[in-house]
Amino acid sequence: MQEITGRIVKRNITRKRFITTAFAGLAGIKMIPHLRNADLTEVFLRRLLGKTGIMVPPVCFGATRTNDESLIKYAIDKGFSFIDTGRSYANGNNERLVGRAVSGIRNNVVIQSKLRLDPNELPSEGKGKKGADEIKSALGSKLEASLKALGSDYIDILLYHDASQENLLFHTEVMKFFAGLKSTGVIRACGFSTHNDLMNLPEMNNRELFYDVIMVPFNHKGSFVHSVTGNFSEWDQDRLISVLTEAGSKGIGVIAMKTCSGGKYSSSPDIEQDYPEAVRWVIRHSFISSAAVAMANFEQVNEHLPLLNG
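The opening residue of the sequence shown carries number 15 in the working numbering; numbering runs sequentially from there.
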(Lines of atoms letter the chains of each structure in order from A and count residues from 1; the text may use other names and numbers.)
(Lines give C-alpha, C1' and ligand atoms only; values in the text may rest on other atoms or scores of the structure.)
Protein backbone atom coordinates (compact mmCIF):
# COMPACT_ATOMS: atom_id res chain seq x y z
CA MET A 1 0.00 0.00 0.00
CA GLN A 2 1.22 3.47 -0.80
CA GLU A 3 1.85 5.65 2.20
CA ILE A 4 0.12 9.02 2.16
CA THR A 5 2.62 11.83 2.52
CA GLY A 6 1.49 15.20 3.83
CA ARG A 7 2.85 18.61 4.58
CA ILE A 8 1.53 21.70 6.31
CA VAL A 9 0.32 24.69 4.32
CA LYS A 10 -0.33 27.94 6.20
CA ARG A 11 -2.87 30.69 5.78
CA ASN A 12 -3.69 33.34 8.39
CA ILE A 13 -7.20 33.24 9.88
CA THR A 14 -8.96 34.49 13.00
CA ARG A 15 -8.67 32.73 16.36
CA LYS A 16 -12.37 31.90 16.38
CA ARG A 17 -12.31 30.31 12.94
CA PHE A 18 -9.16 28.42 13.79
CA ILE A 19 -10.71 26.91 16.89
CA THR A 20 -13.99 25.99 15.23
CA THR A 21 -12.64 24.56 11.97
CA ALA A 22 -8.99 23.66 12.01
CA PHE A 23 -8.91 21.09 14.78
CA ALA A 24 -11.70 18.98 13.31
CA GLY A 25 -9.45 17.10 10.90
CA LEU A 26 -6.01 17.47 12.42
CA ALA A 27 -5.49 14.28 14.36
CA GLY A 28 -1.85 13.38 14.18
CA ILE A 29 -0.73 16.67 12.59
CA LYS A 30 1.44 18.92 14.76
CA MET A 31 1.13 22.67 14.71
CA ILE A 32 4.12 24.64 13.55
CA PRO A 33 6.24 25.19 16.69
CA HIS A 34 6.91 28.91 16.32
CA LEU A 35 3.25 29.94 16.01
CA ARG A 36 2.10 32.57 18.49
CA ASN A 37 -1.37 33.79 19.41
CA ALA A 38 -1.14 36.59 16.87
CA ASP A 39 -0.21 34.17 14.08
CA LEU A 40 -2.91 31.52 14.04
CA THR A 41 -2.71 29.31 11.00
CA GLU A 42 -5.11 27.08 9.09
CA VAL A 43 -3.55 23.73 8.33
CA PHE A 44 -4.16 21.75 5.15
CA LEU A 45 -2.86 18.32 4.30
CA ARG A 46 -0.94 17.77 1.08
CA ARG A 47 -0.27 14.39 -0.47
CA LEU A 48 2.57 13.39 -2.72
CA LEU A 49 1.37 12.57 -6.24
CA GLY A 50 3.24 9.33 -6.77
CA LYS A 51 6.89 9.90 -7.63
CA THR A 52 6.25 13.21 -9.41
CA GLY A 53 7.36 15.36 -6.48
CA ILE A 54 4.12 17.32 -6.86
CA MET A 55 2.17 17.93 -3.64
CA VAL A 56 -1.61 18.09 -4.00
CA PRO A 57 -4.56 18.47 -1.61
CA PRO A 58 -6.79 15.42 -1.02
CA VAL A 59 -9.53 17.05 -3.10
CA CYS A 60 -9.02 18.48 -6.58
CA PHE A 61 -11.30 21.29 -7.78
CA GLY A 62 -12.94 20.14 -11.00
CA ALA A 63 -13.58 23.28 -13.03
CA THR A 64 -15.78 21.66 -15.66
CA ARG A 65 -19.14 22.68 -14.20
CA THR A 66 -18.63 26.39 -13.83
CA ASN A 67 -18.10 29.43 -16.02
CA ASP A 68 -17.67 31.68 -12.98
CA GLU A 69 -14.11 32.92 -12.60
CA SER A 70 -14.84 34.19 -9.10
CA LEU A 71 -15.84 30.68 -7.98
CA ILE A 72 -12.46 29.27 -9.00
CA LYS A 73 -10.65 32.13 -7.25
CA TYR A 74 -12.75 31.54 -4.14
CA ALA A 75 -11.95 27.82 -4.18
CA ILE A 76 -8.22 28.50 -4.52
CA ASP A 77 -8.35 30.99 -1.66
CA LYS A 78 -10.05 28.35 0.49
CA GLY A 79 -7.27 25.85 -0.18
CA PHE A 80 -8.31 23.99 -3.33
CA SER A 81 -4.96 24.58 -5.00
CA PHE A 82 -5.26 21.65 -7.43
CA ILE A 83 -7.38 22.51 -10.50
CA ASP A 84 -8.58 20.05 -13.14
CA THR A 85 -9.52 21.19 -16.64
CA GLY A 86 -9.18 19.94 -20.23
CA ARG A 87 -8.71 21.06 -23.82
CA SER A 88 -12.09 19.72 -24.93
CA TYR A 89 -14.14 21.22 -22.10
CA ALA A 90 -16.43 23.97 -23.41
CA ASN A 91 -14.42 24.03 -26.64
CA GLY A 92 -11.34 25.32 -24.85
CA ASN A 93 -13.19 27.97 -22.89
CA ASN A 94 -12.78 26.08 -19.62
CA GLU A 95 -9.00 26.34 -19.91
CA ARG A 96 -9.34 30.05 -20.65
CA LEU A 97 -11.51 30.44 -17.55
CA VAL A 98 -8.94 28.67 -15.39
CA GLY A 99 -6.17 30.74 -16.95
CA ARG A 100 -7.89 33.98 -16.00
CA ALA A 101 -8.61 32.73 -12.48
CA VAL A 102 -4.96 31.85 -11.77
CA SER A 103 -3.47 34.94 -13.38
CA GLY A 104 -0.95 36.38 -10.95
CA ILE A 105 -0.92 33.28 -8.73
CA ARG A 106 0.05 30.63 -11.28
CA ASN A 107 2.94 29.25 -9.25
CA ASN A 108 0.68 28.78 -6.22
CA VAL A 109 -1.58 26.25 -7.92
CA VAL A 110 -1.25 22.88 -9.59
CA ILE A 111 -3.04 22.71 -12.94
CA GLN A 112 -3.98 19.46 -14.59
CA SER A 113 -5.22 19.54 -18.16
CA LYS A 114 -5.96 16.92 -20.78
CA LEU A 115 -5.81 16.42 -24.52
CA ARG A 116 -6.59 13.57 -26.86
CA LEU A 117 -6.44 12.45 -30.45
CA ASP A 118 -9.65 12.28 -32.47
CA PRO A 119 -10.08 9.65 -35.21
CA ASN A 120 -10.47 12.31 -37.92
CA GLU A 121 -6.99 13.58 -37.05
CA LEU A 122 -5.47 10.19 -37.77
CA PRO A 123 -6.38 9.13 -41.32
CA SER A 124 -3.37 6.80 -41.26
CA GLU A 125 -4.49 5.33 -37.92
CA GLY A 126 -1.08 5.99 -36.43
CA LYS A 127 0.63 3.60 -38.83
CA GLY A 128 4.01 4.24 -40.40
CA LYS A 129 5.83 7.54 -40.68
CA LYS A 130 2.74 9.35 -41.90
CA GLY A 131 0.77 8.14 -38.90
CA ALA A 132 3.55 9.24 -36.55
CA ASP A 133 3.62 12.68 -38.17
CA GLU A 134 -0.16 13.00 -37.79
CA ILE A 135 0.06 12.18 -34.09
CA LYS A 136 2.91 14.62 -33.53
CA SER A 137 1.13 17.42 -35.37
CA ALA A 138 -2.25 16.93 -33.66
CA LEU A 139 -0.83 16.69 -30.15
CA GLY A 140 1.53 19.61 -30.72
CA SER A 141 -1.20 21.96 -31.92
CA LYS A 142 -3.46 21.06 -28.99
CA LEU A 143 -0.66 21.60 -26.51
CA GLU A 144 0.01 25.07 -27.90
CA ALA A 145 -3.70 25.88 -27.69
CA SER A 146 -3.81 24.74 -24.06
CA LEU A 147 -0.77 26.78 -23.04
CA LYS A 148 -2.20 29.86 -24.72
CA ALA A 149 -5.62 29.40 -23.11
CA LEU A 150 -4.10 28.89 -19.67
CA GLY A 151 -1.79 31.88 -20.10
CA SER A 152 1.11 29.77 -18.90
CA ASP A 153 4.36 28.44 -20.31
CA TYR A 154 3.95 25.14 -18.47
CA ILE A 155 1.30 22.68 -17.31
CA ASP A 156 1.90 20.77 -14.11
CA ILE A 157 0.13 17.58 -15.14
CA LEU A 158 -0.88 16.75 -18.70
CA LEU A 159 -3.09 13.72 -19.28
CA TYR A 160 -4.07 11.84 -22.39
CA HIS A 161 -7.83 12.32 -22.15
CA ASP A 162 -10.31 9.43 -22.04
CA ALA A 163 -7.87 6.78 -23.23
CA SER A 164 -9.51 3.65 -24.59
CA GLN A 165 -7.00 2.15 -27.03
CA GLU A 166 -3.86 0.50 -25.72
CA ASN A 167 -2.08 0.76 -29.07
CA LEU A 168 -2.66 4.52 -29.18
CA LEU A 169 -1.96 5.36 -25.54
CA PHE A 170 1.33 3.46 -25.70
CA HIS A 171 2.14 4.45 -29.29
CA THR A 172 5.82 5.32 -29.63
CA GLU A 173 5.03 8.81 -30.93
CA VAL A 174 2.58 9.55 -28.12
CA MET A 175 5.12 8.52 -25.50
CA LYS A 176 7.87 10.52 -27.25
CA PHE A 177 5.57 13.55 -27.13
CA PHE A 178 5.06 13.33 -23.37
CA ALA A 179 8.69 12.41 -22.65
CA GLY A 180 9.89 15.40 -24.66
CA LEU A 181 7.62 17.79 -22.78
CA LYS A 182 8.88 16.50 -19.44
CA SER A 183 12.53 16.76 -20.45
CA THR A 184 12.09 20.39 -21.54
CA GLY A 185 10.02 21.40 -18.49
CA VAL A 186 6.82 22.17 -20.42
CA ILE A 187 5.06 19.67 -18.16
CA ARG A 188 6.03 18.28 -14.78
CA ALA A 189 4.18 14.98 -15.09
CA CYS A 190 2.28 13.00 -17.71
CA GLY A 191 -0.57 10.58 -17.39
CA PHE A 192 -3.90 9.45 -18.76
CA SER A 193 -7.55 9.33 -17.82
CA THR A 194 -9.88 6.52 -18.79
CA HIS A 195 -13.59 6.05 -18.27
CA ASN A 196 -14.21 2.53 -19.49
CA ASP A 197 -10.96 0.54 -19.68
CA LEU A 198 -10.33 0.74 -15.94
CA MET A 199 -8.36 -2.47 -15.65
CA ASN A 200 -6.33 -3.14 -18.79
CA LEU A 201 -4.78 0.30 -19.29
CA PRO A 202 -3.77 0.83 -15.64
CA GLU A 203 -2.51 -2.77 -15.51
CA MET A 204 -0.37 -2.19 -18.59
CA ASN A 205 0.98 1.01 -17.08
CA ASN A 206 1.79 -0.92 -13.91
CA ARG A 207 4.04 -3.04 -16.11
CA GLU A 208 5.43 -0.36 -18.40
CA LEU A 209 5.71 2.37 -15.72
CA PHE A 210 5.67 5.11 -18.35
CA TYR A 211 2.84 7.36 -17.20
CA ASP A 212 3.32 9.14 -13.88
CA VAL A 213 -0.37 9.66 -13.13
CA ILE A 214 -3.62 7.84 -13.83
CA MET A 215 -7.11 9.26 -13.42
CA VAL A 216 -9.91 6.72 -13.12
CA PRO A 217 -13.51 6.52 -11.86
CA PHE A 218 -13.65 5.36 -8.24
CA ASN A 219 -16.51 5.60 -5.77
CA HIS A 220 -18.24 3.59 -3.06
CA LYS A 221 -20.88 2.19 -5.42
CA GLY A 222 -18.56 0.88 -8.11
CA SER A 223 -20.43 2.49 -10.99
CA PHE A 224 -21.38 5.80 -12.57
CA VAL A 225 -23.57 7.38 -15.22
CA HIS A 226 -21.68 9.75 -17.50
CA SER A 227 -23.10 13.26 -17.10
CA VAL A 228 -22.75 14.07 -20.81
CA THR A 229 -23.37 10.83 -22.70
CA GLY A 230 -25.66 9.19 -20.16
CA ASN A 231 -23.71 5.94 -20.54
CA PHE A 232 -23.68 3.61 -17.54
CA SER A 233 -20.41 2.03 -16.44
CA GLU A 234 -19.59 -0.32 -13.60
CA TRP A 235 -16.54 -2.25 -12.49
CA ASP A 236 -15.27 -5.04 -10.30
CA GLN A 237 -14.50 -3.03 -7.18
CA ASP A 238 -12.14 -5.56 -5.61
CA ARG A 239 -10.14 -5.93 -8.80
CA LEU A 240 -9.91 -2.17 -9.33
CA ILE A 241 -8.73 -1.64 -5.76
CA SER A 242 -6.06 -4.29 -6.36
CA VAL A 243 -4.91 -2.60 -9.59
CA LEU A 244 -4.81 0.84 -7.99
CA THR A 245 -3.05 -0.47 -4.90
CA GLU A 246 -0.33 -1.88 -7.14
CA ALA A 247 -0.11 1.42 -9.02
CA GLY A 248 0.31 3.32 -5.77
CA SER A 249 2.95 0.90 -4.52
CA LYS A 250 4.93 1.49 -7.73
CA GLY A 251 4.89 5.26 -7.31
CA ILE A 252 2.13 6.05 -9.80
CA GLY A 253 -0.08 8.94 -8.72
CA VAL A 254 -3.75 7.96 -8.63
CA ILE A 255 -6.45 10.59 -9.03
CA ALA A 256 -10.06 9.51 -8.60
CA MET A 257 -12.91 10.91 -10.66
CA LYS A 258 -16.68 10.28 -10.70
CA THR A 259 -16.30 10.40 -6.94
CA CYS A 260 -19.84 11.65 -6.32
CA SER A 261 -21.44 9.63 -9.12
CA GLY A 262 -22.06 6.71 -6.81
CA GLY A 263 -24.50 8.83 -4.84
CA LYS A 264 -24.50 10.01 -1.26
CA TYR A 265 -22.76 7.97 1.41
CA SER A 266 -22.46 7.61 5.15
CA SER A 267 -19.99 5.52 7.11
CA SER A 268 -22.52 5.01 9.89
CA PRO A 269 -26.32 4.71 10.20
CA ASP A 270 -26.11 7.52 12.74
CA ILE A 271 -24.65 9.95 10.20
CA GLU A 272 -26.74 11.49 7.44
CA GLN A 273 -25.66 10.51 3.95
CA ASP A 274 -24.14 13.24 1.80
CA TYR A 275 -21.74 13.76 -1.09
CA PRO A 276 -18.73 14.94 0.94
CA GLU A 277 -18.87 11.66 2.87
CA ALA A 278 -18.82 9.83 -0.46
CA VAL A 279 -15.64 11.71 -1.35
CA ARG A 280 -14.20 11.00 2.09
CA TRP A 281 -14.71 7.27 1.42
CA VAL A 282 -12.54 7.69 -1.68
CA ILE A 283 -9.68 9.67 -0.17
CA ARG A 284 -9.36 7.32 2.80
CA HIS A 285 -7.89 4.72 0.46
CA SER A 286 -4.13 5.05 0.79
CA PHE A 287 -3.46 4.69 -2.95
CA ILE A 288 -5.51 7.80 -3.76
CA SER A 289 -3.48 11.00 -4.08
CA SER A 290 -6.48 13.24 -4.76
CA ALA A 291 -10.17 13.00 -5.59
CA ALA A 292 -11.51 15.27 -8.32
CA VAL A 293 -14.87 16.85 -7.53
CA ALA A 294 -16.63 19.06 -10.07
CA MET A 295 -17.97 21.99 -8.04
CA ALA A 296 -20.62 24.21 -9.56
CA ASN A 297 -21.28 26.77 -6.83
CA PHE A 298 -19.97 28.31 -3.62
CA GLU A 299 -22.08 26.00 -1.44
CA GLN A 300 -20.40 22.93 -2.91
CA VAL A 301 -16.96 24.44 -2.32
CA ASN A 302 -17.83 25.14 1.31
CA GLU A 303 -19.30 21.70 2.00
CA HIS A 304 -16.19 19.97 0.66
CA LEU A 305 -13.79 22.28 2.50
CA PRO A 306 -13.38 20.01 5.59
CA LEU A 307 -12.03 17.28 3.30
CA LEU A 308 -8.86 19.30 2.70
CA ASN A 309 -7.68 17.90 6.01
CA GLY A 310 -8.26 14.35 4.86
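Just so you know, even glycine gets a beta-carbon here, dropped at the ideal spot from N, CA and C.
>> Please give me, in chain order, every unbroken run of the alpha helix (DSSP H) with length at least 4 that falls completely inside the segment 67-120.
In response: 83-92, 107-115
>> On the DSSP bridge list, what partners appear for R61?
In response: Residue mapping note: residue 61 aligns to position 47 of the sequence shown, counting from 1. BP columns for R61 point to V70.
> Is it a yes or a no for the segment 57-71 touching the segment 265-278, going by three-plus beta-carbon pairs under 8 Å?
Replying inline: yes
> Would you say the beta carbon of A203 comes nearer than 7 Å to a heavy atom of the ligand SAM?
Replying inline: Of the ligands one can find in the structure shown there are none, so the ligand SAM has no counterpart to examine.
> Roughly how far, in whole angstroms, is the beta-carbon of L321 from the beta-carbon of R294, given that I think they are within contact range, below 8 Å?
Replying inline: Mapped onto the sequence shown, residue 321 falls at position 307. Mapped onto the sequence shown, residue 294 falls at position 280. The pair is a contact, with the Cβ atoms about 6 Å apart (cut-off 8 Å).
> Taking Cβ positions, are E187 and A152 nearer each other than 8 Å?
Replying inline: Taking the sequence shown and counting its residues from 1, the one referred to as residue 187 is at position 173. Taking the sequence shown and counting its residues from 1, the one referred to as residue 152 is at position 138. No, the pair does not count as a contact, with Cβ atoms beyond the cut-off.
> Can you name, in chain order, every residue of its own chain whose Cβ lies under 7 Å from the Cβ of V70, other than the five neighbours on each side?
Replying inline: Residue numbering aside, residue 70 sits at position 56 when the sequence shown is read from its first letter. Hits under 7 Å: R60, R61, L63, F96, V124, S303, S304.
> Just to confirm, are S178 and N210 a CB contact at a threshold of 8 Å?
Replying inline: Here residue 178 refers to the residue found at position 164 when the sequence shown is read from its first residue. Here residue 210 refers to the residue found at position 196 when the sequence shown is read from its first residue. Closer than 8 Å, so yes.
> Which runs of the alpha helix (DSSP H), 4 residues or longer, sit entirely within the segment 212-279?
Replying inline: 214-222, 251-263
> What's the call for F246, buried or exposed, on a 16-neighbour Cβ count within 10 Å?
Replying inline: Locating residue 246 in the sequence shown gives position 232, counting from the first residue. By the neighbour-count rule (16 or more Cβ atoms within 10 Å), F246 is not buried but exposed.
> Are Y174 and F206 touching if we call contact CB-CB under 8 Å?
Replying inline: Position 160 of the sequence shown, counted from the start, is the residue given in the question as residue 174. Position 192 of the sequence shown, counted from the start, is the residue given in the question as residue 206. Yes; because the gap between Cβ atoms is below 8 Å, this pair is in contact.
>> Since A261 and F301 should fall inside the 8 Å C-beta cutoff, what is the C-beta to C-beta distance between them, to a whole number of angstroms?
In response: Here residue 261 refers to the residue found at position 247 when the sequence shown is read from its first residue. Here residue 301 refers to the residue found at position 287 when the sequence shown is read from its first residue. A261 to F301, Cβ: 7 Å. Contact.
> If you run the structure through DSSP and keep just helix, strand and coil, what is I149?
Replying inline: Position 135 of the sequence shown, counting from 1, holds the residue named residue 149. I149 falls in the helix class under three-state DSSP.
>> Just to confirm before moving on: does the CB-CB distance between T80 and I86 stay below 8 Å?
In response: Taking the sequence shown and counting its residues from 1, the one referred to as residue 80 is at position 66. Taking the sequence shown and counting its residues from 1, the one referred to as residue 86 is at position 72. Going by C-beta atoms, T80 is nearer than 8 Å to I86.
> Are I68 and A203 close, meaning C-beta to C-beta below 8 Å?
Replying inline: Reading the sequence shown from its first residue, position 54 is the one you call residue 68. Reading the sequence shown from its first residue, position 189 is the one you call residue 203. In contact: I68 and A203 (Cβ atoms closer than 8 Å).
> Shortest alpha-carbon distance to Y88 belongs to which of A292, G100, Q314?
Replying inline: By one-based count along the sequence shown, residue 88 stands at place 74. Looking at the Cα atoms, Q314 is the closest of the given residues.
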